[in-house]
Amino acid sequence: MALHSLKEAIRLLKTMPVLWLTGIAAGSLAAAEILLSVWGDPFYAERIWLLQILVLPFFVAGGYGVIRGGKTGISAYIQQGFAHYFQVLLPGILIFLAGILTVFLVLIPLTLAGISGDIATLTFVSAGVMIPILFFTFFYDTAAVMEDRKVFESLLRSVEFVFANPARVIIFFLSALAVFVAIGFAGMIVLAFALAGQLEPLTAMDQSQLESLGAMDLTALLGTNGILMAAAVYGAVVMLFTALLYPFKAVFYLSHTRAIPAAPAGEYDEKGRWFKY
């Protein structure tokens, strides 16, 4: 089923060119992050992730919206992006804040127990907290747009979807990881060939010289053209993966939700009568 969804996602990219805009936006921001970290102000380079959080939900919402509505025009894409922007943005911010709060709460008893809060501990705790959270809430944006869900409804729907299809969701993640590795490996090969001349001096260095190399030394070796090439390849890898991931995610979700009836939103009154919202 995951392979079929992947093939359908590729077909959608061919028939709906506007879906590439999500990847183009993500790739452009990724390349800009590289360039700013080398030549720009570190203040902006370290905070470009904030721009990604604010900008990418528009493109994600637009892509899901045109898949849902079947319209391929740029005007429909923009309309859907504005219509579902906050449905994608707000749950994402909530997940981010919940993850930070949970990590903080976990670190408190560890600190009281005498375990130092060094980088290794923080990394381990963060991974242990964020991986399960992201695993169960990964499809919140798909549910929000495809089923027009509100903030908490989309999060609950994602959890419901994962619980109903745990094995298939794991296969989906493994398939997405395989696609990322394949695209990343291809990018590394292209980059290695493109920068062979600039990196040739590294082959003449011994182990101690290689270990003493710093970021400034590598920047000097690459030169302007090398840095531009590295940023372009990195941006292209992010663009291709992102452009494919979201249609893949949407098709996979839609192919399984028929078997998972959505819980109707509403409540019972004091007489036991059901009222739908």
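Per this note's numbering, residue 4 is the first one in the sequence shown, and the count goes up by one each step.
Every residue gets a Cβ at the ideal spot worked out from N, C-alpha and C, and that includes glycine.
If you're wondering where the values come from, they're calculated on a predicted model, not measured in any experiment.
Straight-line gap, residue 45 to residue 33 (C-alpha atoms, nearest Å) | For the purposes of this step, residue 45 is identified with residue 42 of the sequence shown, where counting begins at 1. For the purposes of this step, residue 33 is identified with residue 30 of the sequence shown, where counting begins at 1. Here the alpha carbon of residue 45 sits roughly 15 Å from the alpha carbon of residue 33.
- [ ] Mark residue 288 as exposed unless 16 or more other C-beta atoms lie within 10 angstroms of its C-beta, in which case mark it buried.
- [x] With the chain covering 4 to 280 only, the question about residue 288 has no answer from this structure.
**Asked** Taking all protein chains shown into account, do 16 or more other C-beta atoms lie within 10 angstroms of the C-beta of residue 157, making it buried, or fewer, making it exposed?
**Response** Position 154 of the sequence shown, counted from the start, is the residue given in the question as residue 157. Buried, because 16 or more other Cβ atoms sit within 10 Å of the Cβ of residue 157.
According to DSSP, is residue 151 helix, strand or coil?
Taking the first residue of the sequence shown as 1, we reach residue 151 at position 148. Looking at residue 151 - three-state DSSP - the assignment turns out to be coil, as it is neither helix nor strand.
Let me make sure I understand the geometry here. Which of 115, 148, 100 has the alpha-carbon closest to that of residue 129?
Against the sequence shown, residue 129 aligns to sequence position 126. The shortest Cα separation from residue 129 among 115, 148, 100 belongs to 100.
- Environment of residue 70 [buried if 16+ CB atoms lie within 10 Å]: In the sequence shown, the residue the question calls residue 70 occupies position 67. Answer is buried; the Cβ neighbour count reaches 16.
Margin query: Check for me: the alpha helix (DSSP H) holding residue 208 runs from which residue to which?
Written below: Here residue 208 refers to the residue found at position 205 of the sequence shown. Where residue 208 is concerned, there is no enclosing alpha helix (DSSP H), given that its DSSP letter is neither H nor E.
query: On the premise that residue 161 lies in contact with residue 146, defined as a C-beta separation below 8 Å, what is that separation, rounded to the nearest angstrom?
result: Start at 1 with the first residue of the sequence shown, and residue 146 comes out as number 143. Start at 1 with the first residue of the sequence shown, and residue 161 comes out as number 158. That pair is a contact at about 6 Å.
Validate contact between the stretch 58-73 and the stretch 107-127 using beta carbons, cut 8 Å, 3 pairs:
no
Checklist entry - Where does residue 260 land, buried or exposed, given buried means 16+ other C-beta within 10 angstroms? => result On the sequence shown, residue 260 is found 257 positions in, with the first residue counted as 1. The residue is buried, with at least 16 neighbouring Cβ atoms inside 10 Å.
- Task: Pick helix, strand or coil for residue 228, following the three-state DSSP scheme.
- Result: Locating residue 228 in the sequence shown gives position 225, counting from the first residue. Of the three classes helix, strand and coil, the one that applies to residue 228 here is helix, per DSSP.
ask   = Expressed to the nearest angstrom, what Euclidean distance is found between the alpha-carbon atoms of residue 84 and residue 30?
value = Position 81 of the sequence shown, counting from 1, holds the residue named residue 84. Position 27 of the sequence shown, counting from 1, holds the residue named residue 30. Cα to Cα, the separation comes out at about 18 Å.
Next on the checklist: Using only CA atoms, which one of 127, 232, 240 lies nearest to residue 196?
Outcome noted: Along the sequence shown, one-based indexing puts residue 196 at 193. Measuring from the Cα of residue 196, the nearest candidate turns out to be 232.
Euclidean distance between Cα positions of residue 236 and residue 190: Against the sequence shown, residue 236 aligns to sequence position 233. Against the sequence shown, residue 190 aligns to sequence position 187. Their backbone Cα atoms lie some 6 Å apart in a straight line.
Exposed unless 16 or more other CB atoms sit within 10 angstroms - verdict on residue 219: The residue you call residue 219 lines up with position 216 of the sequence shown. It counts as exposed.
- Query: Going by C-alpha distance, which of 135, 28, 166, 41 is nearest residue 226?
  - Reply: Within the sequence shown, residue 226 is the residue found at index 223, counting from 1. Per the Cα distances, 41.
Q | Nearest-angstrom Cα separation, counted from residue 97 out to residue 57 | A | Along the sequence shown, one-based indexing puts residue 57 at 54. Along the sequence shown, one-based indexing puts residue 97 at 94. Residue 57 and residue 97 have their C-alpha atoms spaced approximately 13 Å apart.
Go ahead and pull the three-state DSSP assignment for residue 110.
-> Mapped onto the sequence shown, residue 110 falls at position 107. Helix at residue 110.
request  = Work out the CA separation of residue 201 and residue 216 for me, nearest whole Å.
outcome  = The residue you call residue 216 lines up with position 213 of the sequence shown. The residue you call residue 201 lines up with position 198 of the sequence shown. Looking at the two C-alpha atoms, the distance is approximately 15 Å.
Proximity below 7 Å, CB of residue 21 to CB of residue 88: Translated into positions along the sequence shown, residue 21 becomes position 18. Translated into positions along the sequence shown, residue 88 becomes position 85. No.
**Message:** Just verifying my parser: in three-state terms, what is the DSSP assignment at residue 198?
**Reply:** Walking along the sequence shown from the start, residue 198 turns up at place 195. Correct three-state label for residue 198: coil.
Go to residue 36, then tell me how far its alpha helix (DSSP H) extends in each direction, as first and last residue.
Counting from 1 along the sequence shown, the entry for residue 36 is found at position 33. Where residue 36 is concerned, the enclosing alpha helix (DSSP H) stretches over 23-42.
>> I'd like to know whether the C-beta atoms of residue 25 and residue 245 end up nearer to each other than 7 Å.
In response: As a first step, residue 25 is located in the sequence shown; it is residue number 22 there, counting from the start. As a first step, residue 245 is located in the sequence shown; it is residue number 242 there, counting from the start. Contact flag set, yes.
So, are the CB atoms of residue 243 and residue 12 less than 7 Å apart? Translated into the one-based positions of the sequence shown, residue 243 becomes position 240. Translated into the one-based positions of the sequence shown, residue 12 becomes position 9. For residue 243 and residue 12, no; Cβs fall outside 7 Å.
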